[in-house]
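All the letters of the sequence shown, read from the start, carry residue numbers 1 to 258 under our numbering.
Glycine residues also receive a C-beta, built at the ideal position from the N, C-alpha and C atoms.
Written out below as structure tokens is the structure these notes cover.
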Amino acid sequence: MNNYIRRKSLLYQTGVEYGDYCINHVQGCAHGCRYPCYAMMMARRFGKISSYEEWLHPFLVENALELLKKELPRYKHKIKSVHFCFTTDPFMYGYEEVSNLTLKLLAEINRENIPCTVLTKGVLPIKLTELGLLNQVGISLVSLNEKFRQRYEPFSAPFEQRLNSLLALSRKGLKTWVSIEPYPTPNIVSQDVMDILKASSFVDKIVFGRLNYNPMVTRYHDKANFYNGMSLQVMEYCQQHDIQYHIKEGTLTQQVAE
């Protein structure tokens with residue numbers, strides 16, 4: 001990996017539930033998701049990239065650790081948690097340089113006793129155990145169908161590899177979670193959400209959310225009822241198995257009795 005950029009800042013505040021602060025220490029993502037990828041659309045809109053092909057060639061922020069060491073003393077008393085990442089992947093499949101930098105940044109934050117959340121479509125390294133039990137590590141898992149992955153997440157890690165890496169960390173005592181988002185409608189892939197839930201039954205938390213920005217979803221005749229039904233299945237399964245859950249805003253549109 002020979003692509004590098006420098007930035008003026010690294011930590012930034014966010015209103016998203018995963019963490020009140022976030023780090024994106026890479027520009028671009030080699031996984032090439034075709035949902036489409038919201039991060040890629042924003043990068044193109046604001047002129048950071050010009051094409052999908054350019055997005056596939058990530059740039060590492062070479063001064064990321066230097067910036068973090070400067071910014072942590074200023075923000076550490078405000079930060080509740082830090083999320084990795086919203087606009088890239090912290091354990092990009094096949095990119096050891098990205099994973100190594102992620103581990104260094106996590107270690108620096110953990111030294112201040114600040115927890116982090118991690119989400120990847122890659123493989124979670126067992127080295128995460130060396131950081132202790134402060135962090136919560138997760139994978140994105142919207143299907144178990146490899147043909148679907150090859151079409152919509154073409155250069156990401158196979159689903160089985162993701163699950164196996166997450167299970168290994170769970171067995172070591174780390175807090176684990178699965179993001180079942182963006183979940184596709186049946187006209188994109190025919191599947192049973194229960195298969196994903198059962199495969200993820202060992203995790204501490206499940207996040208579920210709908211697929212946006214895709215014309216196939218727009219054309220699906222019953223998408224509101226579909227996502228309501230899927231949300232209720234996720235909620236019921238998690239309640240039965242004592243798993244925390246979060247249904248993303250806009251996914252569940254009907255009233256649910258307490």
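Could you say which of the options lies nearest to residue i if we only look at CA atoms?
i    : options                   : result
C116 : T185, M41 and T176        : T176
K70  : P154, Q254, R7 and L134   : R7
V26  : A224, Q191, F84 and V137  : F84
L10  : V82, N212, V16 and K78    : V82
N228 : N135, D242, E249 and L119 : E249
V203 : I23, A168 and C37         : A168
F159 : I196, D192 and N214       : I196
V118 : R111, A199, T102 and V189 : T102
When DSSP labels each residue in this structure, what does residue i get in the three-state scheme?
i    : result
Q13  : strand
L119 : strand
T185 : coil
G173 : coil
Y75  : helix
K80  : coil
V217 : helix
R151 : helix
F159 : helix
Please report the straight-line C-alpha distance between residue i and residue j, rounded to a whole angstrom.
i    : j    : result
F155 : Y93  : 7 Å
Q239 : K147 : 31 Å
I247 : P184 : 15 Å
Who are the Cβ neighbours of residue i in its own chain at under 7 Å, not counting the five residues just before and after it?
i   : result
W55 : G28, C29, M40, A43 and I49
Quick one: what's got a C-beta closer than 8 Å to residue i's C-beta in the same chain, skipping five residues either side?
i    : result
S99  : P90, F91, M92, G122 and P125
I243 : S201, V203, D204, K205, I206 and Y237
Please confirm whether residue i and residue j have their CB atoms less than 7 Å apart.
i    : j    : result
N187 : M230 : no
R210 : T253 : no
F59  : I5   : yes
Y35  : N214 : yes
L141 : V178 : yes
K80  : D20  : yes
L128 : V137 : yes
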